[in-house]
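What follows is a set of notes on a single structure, which appears directly below.
2 protein chains.
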Amino acid sequence: MQQRADQIRRDGHTVAFVPTMGYLHEGHVSLMKEARRQADRVILSIFVNPTQFGPNEDLDSYPRDPARDMALAEKAGVDLVFTPDRNTLYPGGYETYVIQTQLPEHLCGLSRPGHFRGVMTIVAKLFNIVKPHCAVFGQKDYQQLAVLRRMTADLNFDVRIIGAPTVRETDGLAMSSRNKYLSESQRTAAVCLFRSLDAARDLAEKGATESAALIKTATAAIEAAADTQIDYITICDPDTLEDVAVIDRPVLMAMAVRIGQTRLIDNMMLTPPA
Amino acid sequence: MQQRADQIRRDGHTVAFVPTMGYLHEGHVSLMKEARRQADRVILSIFVNPTQFGPNEDLDSYPRDPARDMALAEKAGVDLVFTPDRNTLYPGGYETYVIQTQLPEHLCGLSRPGHFRGVMTIVAKLFNIVKPHCAVFGQKDYQQLAVLRRMTADLNFDVRIIGAPTVRETDGLAMSSRNKYLSESQRTAAVCLFRSLDAARDLAEKGATESAALIKTATAAIEAAADTQIDYITICDPDTLEDVAVIDRPVLMAMAVRIGQTRLIDNMMLTPPA
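Listed in order, the protein sequences are those of chains C and G.
Heads up: the first sequence begins at 12 in my numbering, then just goes up one per residue.
Heads up: the second sequence begins at 12 in my numbering, then just goes up one per residue.
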């Protein structure tokens, strides 16, 4: 892959990279299409990265469908699909990781210790293998995008990071490979994440400024849905991810909620009236 | 620098990189000459990296002589000297580091917590900025070389790591920028590191196999010299740096010794008779 990457660059092409864990959905398709607009070569990677899963998480059951993934990638105009295997990327004696001291201490980082260490490590590795000019990540995984922007700047990777808007089902549920885990009734309940964020956005746009009040309203909406358990609901600074008490500028509302055993995340920018 | 690096690569050149903290000596010259043999472009960096110094170490007093460094680099055939400034490499809000879980838990890592985290972080950054095909490091800093080899493999940097032999003064003292700190009498005492290593190597070549006995002999030799304080003397596996009790294969003997306030390190391979 490194030799191919060198050759593509020597031939004067630009490369846009979309790293994924496979089981592609419309959200990924939108990332590939964005990549298609950004460069004249698009490389997709599919790798279920073990180092970003906790010991009690769904590494072994993470959904896979390589044939469907390849078809979707081809249809979206991907030039090359990179599918490394686990022992090549993490051979015996592997011991190097990329960490951050601040951003992972918020939101999902608190309930998923080591998760962002794993994410940063695999993305650093893939950047060094694929050697892209830019890389596209979804805003649905907002903290991941923030962590990777910071990592890319801090470690001087010569890669432009592009965030692409969340793609939603018709009822508003954010697309996610993990939606597959939901039963029919859970699928119905799962729309509560989007609805509570959308309601909070409405209130903020109408002039509500107290984060606590919006979080309280959202909490009630989530708790009213069947089979839900809130991991966190936060209103925070979109760069530092630190809590914001008063909405006097655009802020991020982010949440993680379990629907049954399935942990879903979603987020939205809240903007006060001008 | 990244644009220059891209241009050099597009022009079909290969790049050998020598990262240093400046105050160059004959040891560095040998690294530059090795780089000259490895590639058709040689890039030297000079940067006293704050993140590899502990709070009570010599960051502020680390010796500097930029004019002499430039002259030596030119004479050694360096094509480009990269001298970034501290605020560019570590701006406000900097928070990303490269770590290892095993190798830093040995030798110098034990008395310099965070040192190798800082070394790996700056080298990862410089690799991303300079984009070399290979990089040359001295074997005098053996653990650093081992850590960086491992980091380069683990993070898939497409960079060949080359270790260059230690260069010594005529009496055997390993060249180091920190030798400048030594008074005349300390300079005389400092040869005890080389002498004790050399004596241990002789014993091993004659069939001595007990690490403990060799360490005891070396310890006595160091303690007999004036104004010395041993940080560690170890015989270990050259790859994992784990202690080796019986010398039944080539092993590394490594030590750190304070001569007055100056901490010096040295090492040698010990090889049992065939």
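A virtual CB, placed ideally from N, CA and C, is assigned to each residue, including glycine.
In angstroms, rounded to a whole number, what distance separates the CA positions of Leu214 (chain G) and Leu281 (chain G)? Translated into positions along the second sequence, residue 214 (chain G) becomes position 203. Translated into positions along the second sequence, residue 281 (chain G) becomes position 270. So the alpha carbons of these two residues sit roughly 9 angstroms apart.
Cβ of Thr177 (chain C) within 8 angstroms of Cβ of Gly149 (chain C)? On the first sequence, position 166 is the one that residue 177 (chain C) refers to. On the first sequence, position 138 is the one that residue 149 (chain C) refers to. Yes.
Listed by chain order, chain C residues near Phe28 (chain G) by CB distance under 8 angstroms: Here residue 28 (chain G) corresponds to residue number 17 of the second sequence, with the count starting at 1. Chain C residues near Phe28 (chain G): none, gap ~14 angstroms exceeds 8 angstroms.
Touching by the beta-carbon criterion (3+ pairs, under 8 angstroms), the region 111-126 of chain G and the region 266-282 of chain G: yes
Taking Ile172 (chain G) as the query, report the chain C residues whose CB atoms sit under 9 angstroms from its CB, ordered along the chain. The count along the second sequence starts at 1 and reaches residue 172 (chain G) at position 161. Simply none; closest approach about 13 angstroms.
Can you tell which of C:Asp254, C:Leu204, C:Glu45, C:Val53 has the C-alpha that lies nearest to the C-alpha of Thr25 (chain C)? Counting from one through the first sequence, the residue named residue 25 (chain C) turns up at place 14. The shortest C-alpha separation from Thr25 (chain C) is found at C:Val53.
Quick one: measure Cβ to Cβ for Gln111 (chain C) and Phe127 (chain C), integer angstroms, because I've assumed they're closer than 8 angstroms. In the first sequence, counting from the first residue as 1, residue 111 (chain C) sits at position 100. In the first sequence, counting from the first residue as 1, residue 127 (chain C) sits at position 116. Confirmed, Cβ separation roughly 7 angstroms.
Euclidean distance between Cα positions of Ala135 (chain C) and Val109 (chain C): Taking the first residue of the first sequence as 1, we reach residue 135 (chain C) at position 124. Taking the first residue of the first sequence as 1, we reach residue 109 (chain C) at position 98. Spanning the two alpha carbons is a distance of roughly 8 angstroms.
For Leu137 (chain G) and Phe58 (chain G), the rounded distance between their alpha carbons: Taking the second sequence and counting its residues from 1, one reaches residue 58 (chain G) at position 47. Taking the second sequence and counting its residues from 1, one reaches residue 137 (chain G) at position 126. In a straight line, the C-alpha of Phe58 (chain G) is about 10 angstroms away from that of Leu137 (chain G).
At the 8 angstroms Cβ level, is Val268 (chain G) part of the contact set with chain C, yes or no? Indexing the second sequence from 1 puts residue 268 (chain G) at position 257. No, Val268 (chain G) lies away from the interface with chain C (no Cβ there is under 8 angstroms from its Cβ).
With Phe28 (chain C) as the anchor, note down where its beta strand (DSSP E) starts and where it stops. For the purposes of this step, residue 28 (chain C) is identified with residue 17 of the first sequence, where counting begins at 1. Residues 26-31.
Three-way DSSP call (helix, strand, coil) for Phe64 (chain C) in this model: In the first sequence, the residue the question calls residue 64 (chain C) occupies position 53. Residue state, collapsed to three classes: coil.
Backbone CA spacing between Arg212 (chain G) and Ala50 (chain C) [nearest angstrom]: Residue 212 (chain G) sits at position 201 when you count from the first residue of the second sequence. Residue 50 (chain C) sits at position 39 when you count from the first residue of the first sequence. Straight-line Cα distance between these residues: approximately 58 angstroms.
Enumerate in chain order the residues of its own chain whose CB-to-CB distance from Glu37 (chain G) is below 7 angstroms, with the five nearest sequence positions on each side excluded. On the second sequence, position 26 is the one that residue 37 (chain G) refers to. The residues are Val178, Met186.
By the DSSP assignment, the alpha helix (DSSP H) with Asn139 (chain G) in it spans what residues? Residue 139 (chain G) sits at position 128 when you count from the first residue of the second sequence. Counting along the chain, the alpha helix (DSSP H) containing Asn139 (chain G) begins and ends at 126-141.
Return no unless some Cβ of chain C is closer than 8 angstroms to the Cβ of Asp169 (chain G). Numbered from 1 along the second sequence, position 158 holds the residue referred to as residue 169 (chain G). By this cut-off, Asp169 (chain G) is an interface position.
Would you call the CB atoms of Val257 (chain G) and Asp248 (chain G) closer than 8 angstroms? Within the second sequence, residue 257 (chain G) is the residue found at index 246, counting from 1. Within the second sequence, residue 248 (chain G) is the residue found at index 237, counting from 1. No, they are not a contact pair.
Expressed to the nearest angstrom, what Euclidean distance is found between the alpha-carbon atoms of Met131 (chain G) and Met81 (chain C)? Position 120 of the second sequence, counted from the first residue, corresponds to residue 131 (chain G). Position 70 of the first sequence, counted from the first residue, corresponds to residue 81 (chain C). Using only the alpha carbons, I get a separation of about 37 angstroms.
Since Gly129 (chain G) and Asn60 (chain G) are thought to touch, with beta carbons under 8 angstroms apart, how far apart are those beta carbons, to the nearest angstrom? For the purposes of this step, residue 129 (chain G) is taken as residue 118 along the second sequence, with counting starting at 1. For the purposes of this step, residue 60 (chain G) is taken as residue 49 along the second sequence, with counting starting at 1. Right, the Cβ-Cβ distance comes to about 6 angstroms (below 8 angstroms), so this counts as a contact.
Considering only DSSP beta bridges, list what Tyr34 (chain G) is partnered with. Taking the second sequence and counting its residues from 1, the one referred to as residue 34 (chain G) is at position 23. None; Tyr34 (chain G) has no bridge partner.
Residues bridged to Arg79 (chain C) (per DSSP): Taking the first residue of the first sequence as position 1, residue 79 (chain C) is located at position 68. According to DSSP, which records beta bridges pairwise, Arg79 (chain C) is partnered with nothing at all.
Identify the contact partners of Val109 (chain C) in chain G, using a Cβ-Cβ distance below 7 angstroms as the criterion. Here the question's residue 109 (chain C) lines up with position 98 in the first sequence. Per Cβ cutoff of 7 angstroms: Thr107, Val109.
Got a sec? Which residues, its chain only, sit under 6 angstroms from Phe64 (chain G) by beta carbon, not counting five neighbours each side? Within the second sequence, numbered from 1, the residue matching residue 64 (chain G) stands at position 53. Leu70.
Whole angstroms is fine: what's the gap from His117 (chain C)'s alpha carbon to Asp238 (chain G)'s? Translated into the one-based positions of the first sequence, residue 117 (chain C) becomes position 106. Translated into the one-based positions of the second sequence, residue 238 (chain G) becomes position 227. One C-alpha to the other measures close to 50 angstroms.
Could you name the residues of the region 129-159 of chain G whose beta carbon sits closer than 7 angstroms to any beta carbon of chain C, in the order they occur along the chain? Ala135, Lys136, Asn139, Ile140
Using only CA atoms, which one of G:Arg260, G:Glu85, G:Met264, G:Phe168 lies nearest to Asn139 (chain C)? In the first sequence, the residue the question calls residue 139 (chain C) occupies position 128. Nearest option by C-alpha distance: G:Phe168.
With burial defined as no fewer than 16 other Cβ atoms inside 10 Å of the residue's Cβ, what is the status of Asp10 (chain G): buried or exposed? In the structure displayed, chain G extends from 12 to 285; residue 10 (chain G) sits before or after that span and is not available.
Whose CA, out of C:Glu221, C:Ala200, C:Arg47, C:Asn190, lies closest to the CA of Ala232 (chain C)? Here residue 232 (chain C) refers to the residue found at position 221 of the first sequence. Cα-wise, what sits closest to Ala232 (chain C) is C:Ala200.
Looking only at its own chain, which residues have a Cβ that is under 7 angstroms from the Cβ of Ile19 (chain C), when we skip the five neighbours before and after it? As a working note, residue 19 (chain C) is residue 8 in the first sequence. Within the same chain, Ile19 (chain C) has close Cβ partners Val26, Arg52.
Where do the ends of the alpha helix (DSSP H) carrying Arg15 (chain C) lie? What you label residue 15 (chain C) is simply residue 4 of the first sequence in a count that begins at 1. That run of the alpha helix (DSSP H) goes 13-21.
Going by C-alpha distance, which of C:Arg269, C:Gln197, C:Lys142 is nearest Ala15 (chain C)? The residue labelled residue 15 (chain C) in the question sits at position 4 within the first sequence. Before going on, a small fix: residue 15 (chain C) reads as Arg here, not Ala. Checking every option, the nearest Cα to that of Arg15 (chain C) belongs to C:Lys142.
Going by the beta-carbon positions, is the gap between Asp209 (chain G) and Gly183 (chain G) smaller than 8 angstroms? The sequence position of residue 209 (chain G) within the second sequence is 198, counting from 1. The sequence position of residue 183 (chain G) within the second sequence is 172, counting from 1. For Asp209 (chain G) and Gly183 (chain G), yes; Cβs fall inside 8 angstroms.
How big is the Cα-Cα spacing for Arg161 (chain G) and Val158 (chain C)? Here residue 161 (chain G) corresponds to residue number 150 of the second sequence, with the count starting at 1. Here residue 158 (chain C) corresponds to residue number 147 of the first sequence, with the count starting at 1. Answer to the nearest angstrom: the Cα atoms are 24 angstroms apart.
Where Phe93 (chain G) sits in the DSSP three-state scheme: Position 82 of the second sequence, counting from 1, holds the residue named residue 93 (chain G). Phe93 (chain G) falls in the strand class under three-state DSSP.
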